[in-house]
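According to the numbering used here, the sequence shown is numbered sequentially starting from 17.
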Amino acid sequence: MPLLEVLSGKCNANSMALDLSSLQKGVYFIRLQTAKGSVEKKLLVE
């Protein structure tokens, strides 16, 4: 299944809030990138 970028943004602090209200219910994968590397996590929107 192809991946589609649905949200993106930049964070200049230790935390960031995302408005997920526009996303349909389902499973999403998020990628967090920092100067030290990146990590991917699964996100469930109910």
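Glycine residues also receive a C-beta, built at the ideal position from the N, C-alpha and C atoms.
For residue i, collect the residues of the same chain with a Cβ closer than 6 Å to its Cβ; drop the 5 residues on either side in sequence, then sort them by chain order.
i: residue 57; result: 46
Residue i and residue j: beta carbons closer than 8 Å?
i: residue 22; j: residue 39; result: yes
i: residue 44; j: residue 61; result: yes
i: residue 42; j: residue 32; result: no
How many angstroms separate the CA atom of residue i from the CA atom of residue j?
i: residue 50; j: residue 28; result: 10 Å
i: residue 19; j: residue 30; result: 27 Å
i: residue 36; j: residue 48; result: 16 Å
i: residue 59; j: residue 52; result: 22 Å
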